[in-house]
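Asker: If you read the sequence shown in full-length UniProt numbering, its first letter stands for residue 1, the second for the next number, and so on. Glycine included, each C-beta is placed from N, C-alpha and C at the ideal position. Have a look at this one.
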Amino acid sequence: MEMKIPFKRREVLETKIDRLISELPDYITEEILCHLSTKDVVRTSILSRKWRHKWTTIPTLVFGEKGLHPAQFESIDELASTIDHVLSHHNDPIHKFQIYHNFIEMVIPGYKKCDNFLRNMDRWILRLPSDHIKELSLVFDNLILRYTLPSCIFSWHNLTRLELHRCALRPPATFKGFGNLKFLRLLNVILTKDMLEILLCHSPLLESAYLWIADFFDVPETPKFRFFEFIGKFIDPLPLEILWARADRSCWPREISSMPKFFYHLLHFQSLTLKGSFLEYLALCDSPKEFLLHNLEQLSMSVNFNHQKEISAALCLLSRAPNLQELNIVEEAGSVDENVELGVLESDDRMNCLYAKLRRVRMSCIIGSEGEIYFMNSMLSTSPVLETMTVDLIFPSSKTTVGRSLCSKRAKIIFKEPGGQSEF
Numbered sequence: 001m002e003m004k005i006p007f008k009r010r011e012v013l014e015t016k017i018d019r020l021i022s023e024l025p026d027y028i029t030e031e032i033l034c035h036l037s038t039k040d041v042v043r044t045s046i047l048s049r050k051w052r053h054k055w056t057t058i059p060t061l062v063f064g065e066k067g068l069h070p071a072q073f074e075s076i077d078e079l080a081s082t083i084d085h086v087l088s089h090h091n092d093p094i095h096k097f098q099i100y101h102n103f104i105e106m107v108i109p110g111y112k113k114c115d116n117f118l119r120n121m122d123r124w125i126l127r128l129p130s131d132h133i134k135e136l137s138l139v140f141d142n143l144i145l146r147y148t149l150p151s152c153i154f155s156w157h158n159l160t161r162l163e164l165h166r167c168a169l170r171p172p173a174t175f176k177g178f179g180n181l182k183f184l185r186l187l188n189v190i191l192t193k194d195m196l197e198i199l200l201c202h203s204p205l206l207e208s209a210y211l212w213i214a215d216f217f218d219v220p221e222t223p224k225f226r227f228f229e230f231i232g233k234f235i236d237p238l239p240l241e242i243l244w245a246r247a248d249r250s251c252w253p254r255e256i257s258s259m260p261k262f263f264y265h266l267l268h269f270q271s272l273t274l275k276g277s278f279l280e281y282l283a284l285c286d287s288p289k290e291f292l293l294h295n296l297e298q299l300s301m302s303v304n305f306n307h308q309k310e311i312s313a314a315l316c317l318l319s320r321a322p323n324l325q326e327l328n329i330v331e332e333a334g335s336v337d338e339n340v341e342l343g344v345l346e347s348d349d350r351m352n353c354l355y356a357k358l359r360r361v362r363m364s365c366i367i368g369s370e371g372e373i374y375f376m377n378s379m380l381s382t383s384p385v386l387e388t389m390t391v392d393l394i395f396p397s398s399k400t401t402v403g404r405s406l407c408s409k410r411a412k413i414i415f416k417e418p419g420g421q422s423e424f
């Protein structure tokens with residue numbers, strides 16, 4: 001039975017709550033609002049008289065949430081009207097502007113609705129204060145078209161963080177980089193090679209770069225980054241089977257010959273993630289004998305343990321990282337185009353390389369193949385300070401087989417049975 005509160009008592013209670021909320025120091029209310037989405041921030045206007053216009057002064061505007069399902073906004077029209085309402089009433093400088101939205105509902109309506117949204121985007125970007133904006137994130141999943149950012153953003157000299165997904169960058173000829181940029185993430189972004197080089201090489205404070213560039217694979221002369229992730233392709237690659245079959249390197253993509261240059265850029269990284277077919281290409285070339293990844297502490301990569309040359313390429317990288325502390329490997333299941341000969345692996349000196357600082361290993365998408373088990377046992381026997389090896393299994397039935405095959409006196413081996421494909 002619902003308890004009814006007398007009107008006068010309820011009025012007194014609401015007055016006390018209103019007073020309590022209103023008496024919060026400004027720095028506390030600002031901290032609370034900055035941790036909410038902008039849609040929820042606007043709703044706080046009903047809490048008290050003091051809070052009625054508080055949302056119009058916060059420096060952080062976040063519309064949507066990355067990876068949120070279902071989406072925070074039910075439709076693109078609701079998102080657009082909310083952004084219009086907030087920007088038209090906002091009074092103070094804006095330091096952060098973020099939009100995260102999945103445009104799956106626009107796949108059926110097609111280009112017209114998409115084009116209308118992009119025109120609104122131009123209007124919103126132009127309303128942002130160029131002297132104050134520090135962070136810009138535009139993440140558009142399933143957007144039919146790519147959004148071309150207006151040229152005004154290239155004059156945002158206080159920008160410290162730039163995150164773009166399904167956008168296009170066409171800077172003016174006068175653009176010379178962002179002087180204060182520290183973080184860069186570009187996913188499915190259209191830009192020229194020269195533009196990429198300007199962003200990476202002429203942004204002197206840049207520390208972290210995450211790039212997913214589908215059009216080319218070329219590594220410009222980059223400065224010393226703390227974190228760098230690159231997902232891309234070689235230009236016009238030949239079928240991989242043909243490349244292995246030919247001994248004449250002149251028939252390989254020209255980027256193969258620039259791989260030694262790529263290794264040079266790895267020397268300063270503390271964390272490195274290599275996904276997709278990178279190791280397939282690494283297996284095609286000779287890495288420089290002298291390069292050592294002294295600063296590398298964390299390495300994540302996908303490896304096809306059905307491919308002997310790819311295993312050797314992985315060993316090549318590992319043997320060059322004497323200070324590695326954490327290793328994450330995802331089994332990149334592929335076709336078995338050659339039998340993995342354990343005798344060949346045993347004769348590889350790099351199988352006995354000592355990993356003196358390695359403490360954590362995670363192996364994902366494991367099925368229990370001979371190549372996987374031999375590799376894991378090698379890591380267990382050559383890592384004297386290893387604390388844990390976590391093995392994510394695809395099939396529950398393989399736990400017994402893999403468990404009996406692995407042996408370690410020091411490290412704790414943790415098995416995780418399937419909950420879908422593992423990521424790192």
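Please name the residue, chosen from Arg161, Tyr355, Leu187, that lies closest to Leu206 on a Cα-to-Cα basis.
Answerer: Here residue 206 corresponds to residue number 206 of the sequence shown, with the count starting at 1. Selection Arg161, Tyr355, Leu187 evaluated against Leu206 yields Arg161 as nearest (Cα-Cα).
Asker: Whole angstroms are fine: how far does the CA of Asn304 sit from the CA of Thr174?
Answerer: Here residue 174 is taken as the residue at index 174 of the sequence shown, counted from 1. Here residue 304 is taken as the residue at index 304 of the sequence shown, counted from 1. Cα to Cα, the separation comes out at about 45 Å.
Asker: Would you say the stretch 358-368 touches the stretch 387-394, given that touching needs at least three Cβ pairs under 8 Å?
Answerer: Yes, they touch.
Asker: For residue 454, list the residues DSSP reports as bridge partners.
Answerer: Because the chain spans 1 through 424 in this model, residue 454 falls outside it and cannot be assessed.
Asker: Do Leu279 and Arg320 have their CB atoms nearer than 7 Å?
Answerer: For the purposes of this step, residue 279 is identified with residue 279 of the sequence shown, where counting begins at 1. For the purposes of this step, residue 320 is identified with residue 320 of the sequence shown, where counting begins at 1. No, the Cβ-Cβ distance between Leu279 and Arg320 is not below 7 Å.
Asker: Is the distance from the Cβ of Pro129 to the Cβ of Phe154 below 7 Å?
Answerer: In the sequence shown, the residue the question calls residue 129 occupies position 129. In the sequence shown, the residue the question calls residue 154 occupies position 154. Cβ distance not < 7 Å, so Pro129 and Phe154 don't count as in contact.
Asker: Round the Cβ separation of His268 and Asn306 to the nearest angstrom and send it over; I've been treating them as touching at under 8 Å.
Answerer: Sequence index remark: in the sequence shown, residue 268 carries index 268 (1-based). Sequence index remark: in the sequence shown, residue 306 carries index 306 (1-based). Actually they do not touch by this definition, with Cβ atoms about 33 Å apart.
Asker: Between the Cα of Cys167 and the Cα atoms of Leu159, Ser203, Leu200, Trp212, which residue gives the shortest distance?
Answerer: Sequence index remark: in the sequence shown, residue 167 carries index 167 (1-based). Cys167 has its Cα closest to that of Trp212, out of Leu159, Ser203, Leu200, Trp212.
Asker: Does DSSP classify Ser137 as helix, strand or coil?
Answerer: Reading the sequence shown from its first residue, position 137 is the one you call residue 137. Here Ser137 sits in strand by DSSP.
Asker: Taking Arg410 as the reference, which of Gly179, Lys399, Glu387 has the closest Cα?
Answerer: In the sequence shown, the residue the question calls residue 410 occupies position 410. Closest option to Arg410, Cα to Cα, is Glu387.
Asker: Below 7 Å CB to CB, which residues in the same chain sit around Asn188 once its five sequence neighbours on both sides are set aside?
Answerer: Your numbering for residue 188 matches position 188 in the sequence shown. The answer, listed in chain order, is His165, Arg166, Trp212, Ala214.
Asker: Start and end of the alpha helix (DSSP H) containing Phe375?
Answerer: Taking the first residue of the sequence shown as 1, we reach residue 375 at position 375. Unbroken alpha helix (DSSP H) run through Phe375: 370-381.
Asker: Less than 7 Å between the beta carbons of Phe183 and Ser203, yes or no?
Answerer: Counted from its first residue, the sequence shown places residue 183 at position 183. Counted from its first residue, the sequence shown places residue 203 at position 203. Contact flag unset, no.
Asker: In the DSSP assignment, the alpha helix (DSSP H) including Glu417 goes from what residue to what residue?
Answerer: Position 417 of the sequence shown holds residue 417. That residue, Glu417, is in no alpha helix (DSSP H); it is neither H nor E in DSSP.
Asker: For Phe395, which residues does DSSP report across the bridge?
Answerer: Stepping through the sequence shown from its first residue, residue 395 is reached at position 395. Looking at the DSSP assignment, Phe395 forms no beta bridge with any residue, so it has no partner.
Asker: Taking only the alpha-carbon atoms, compute the straight-line gap between Lys357 and Cys316 and give it to the nearest angstrom.
Answerer: Indexing the sequence shown from 1 puts residue 357 at position 357. Indexing the sequence shown from 1 puts residue 316 at position 316. Computed Cα separation, rounded: 17 Å.
Asker: By the three-class DSSP mapping on this structure, what secondary structure does Ser364 have?
Answerer: Residue numbering aside, residue 364 sits at position 364 when the sequence shown is read from its first letter. Here DSSP, grouped into helix, strand and coil, assigns Ser364 to strand.
Asker: Quick one: residues in its chain with C-beta nearer than 6 Å to the C-beta of Lys416, no 5 flanking neighbours on either side, listed in chain order?
Answerer: Locating residue 416 in the sequence shown gives position 416, where the first residue counts as 1. Counting only Cβ-Cβ distances below 6 Å, and skipping sequence neighbours, we find Asp392.
Asker: Let me make sure I understand the geometry here. Which of Leu149, Thr400, Ser381 has the alpha-carbon closest to that of Leu169?
Answerer: For the purposes of this step, residue 169 is taken as the residue at position 169 of the sequence shown. Measuring from the Cα of Leu169, the nearest candidate turns out to be Leu149.
Asker: Can you list, in chain order, the residues of its chain with a C-beta nearer than 8 Å to that of Lys399? Leave out the 5 residues immediately preceding and following it.
Answerer: Start at 1 with the first residue of the sequence shown, and residue 399 comes out as number 399. Only Leu393, Phe415, Glu417 meet the Cβ criterion.
Asker: Just tell me which of Leu196, Ser75, Ser369 has its CA closest to the CA of Asn102.
Answerer: For this step, residue 102 is matched to residue 102 along the sequence shown. Of the listed residues, the one whose Cα sits closest to Asn102 is Ser75.
Asker: Quick check: what's the CA-CA separation for Arg127 versus Tyr355?
Answerer: As a working mapping, residue 127 is identified with position 127 in the sequence shown. As a working mapping, residue 355 is identified with position 355 in the sequence shown. Spanning the two alpha carbons is a distance of roughly 54 Å.
Asker: DSSP beta-bridge partners for His165?
Answerer: Along the sequence shown, read from residue 1 onward, the residue named residue 165 stands at position 165. For His165, which the question treats as bridged, DSSP gives the partners Val139, Leu187.
Asker: Quick check on Ala321: does DSSP put it in helix, strand or coil?
Answerer: Here residue 321 corresponds to residue number 321 of the sequence shown, with the count starting at 1. Three-state DSSP puts Ala321 in coil, outside helix and strand.
Asker: According to DSSP, is Phe154 helix, strand or coil?
Answerer: As a working mapping, residue 154 is identified with position 154 in the sequence shown. Residue state, collapsed to three classes: helix.
Asker: Rounded C-beta distance between Asn328 and Ser369? I'm assuming under 8 Å.
Answerer: Position 328 of the sequence shown, counted from the first residue, corresponds to residue 328. Position 369 of the sequence shown, counted from the first residue, corresponds to residue 369. With a Cβ gap of about 18 Å, Asn328 and Ser369 do not count as contacting.
Asker: Enumerate in chain order the residues of its own chain whose CB-to-CB distance from His132 is below 8 Å, with the five nearest sequence positions on each side excluded.
Answerer: As a first step, residue 132 is located in the sequence shown; it is residue number 132 there, counting from the start. The beta carbon of His132 lies closer than 8 Å to those of Pro59, Pro93, Ile94, His95, Asn158 in the same chain, with the five residues before and after it left out.
Asker: Who are Ile329's beta bridge partners in DSSP?
Answerer: Locating residue 329 in the sequence shown gives position 329, where the first residue counts as 1. Answer is Met301, Met363.
Asker: Can you give the Cα-Cα distance for Leu61 and Phe97, rounded to whole angstroms?
Answerer: Your numbering for residue 61 matches position 61 in the sequence shown. Your numbering for residue 97 matches position 97 in the sequence shown. Each residue's Cα considered, the two are about 5 Å apart.
Asker: Quick check on His90: buried or exposed, where buried means 16 or more other Cβ atoms within 10 Å of its Cβ?
Answerer: For the purposes of this step, residue 90 is identified with residue 90 of the sequence shown, where counting begins at 1. Classification for His90: buried.
Asker: Run through DSSP, which three-state label would Phe291 get?
Answerer: Here residue 291 is taken as the residue at index 291 of the sequence shown, counted from 1. If DSSP states are grouped into helix, strand and coil, Phe291 belongs with coil.
Asker: If you drop the 5 nearest sequence neighbours on each side, which residues of the same chain put their C-beta closer than 6 Å to that of Leu191?
Answerer: Position 191 of the sequence shown, counted from the start, is the residue given in the question as residue 191. Excluding residues up to 5 positions away in sequence, Leu169 lie with their Cβ nearer than 6 Å to the Cβ of Leu191 in the same chain.
Asker: With a CB to CB cut of under 7 Å and the five nearest residues on each side skipped, what residues in its chain are close to Gly371?
Answerer: Taking the sequence shown and counting its residues from 1, one reaches residue 371 at position 371. Counting only Cβ-Cβ distances below 7 Å, and skipping sequence neighbours, we find Phe305, Asn306, Ile311, Val340.
Asker: Going by other Cβ atoms of all chains shown within 10 Å of its Cβ, with 16 needed for buried, is Phe291 buried or exposed?
Answerer: Sequence index remark: in the sequence shown, residue 291 carries index 291 (1-based). Residue burial is scored here from C-beta neighbours: Phe291 has fewer than 16 other C-beta atoms within 10 angstroms and is therefore classed as exposed.
Asker: Residue range of the beta strand (DSSP E) that His101 falls in?
Answerer: To locate residue 101, count along the sequence shown from 1; it is residue 101. Run containing His101: 96-102, per the beta strand (DSSP E) assignment.
Asker: Could you tell me which residues DSSP puts in a beta bridge with Ile413?
Answerer: Against the sequence shown, residue 413 aligns to sequence position 413. Looking at the DSSP output, Ile413 sits in a beta bridge with Met389.
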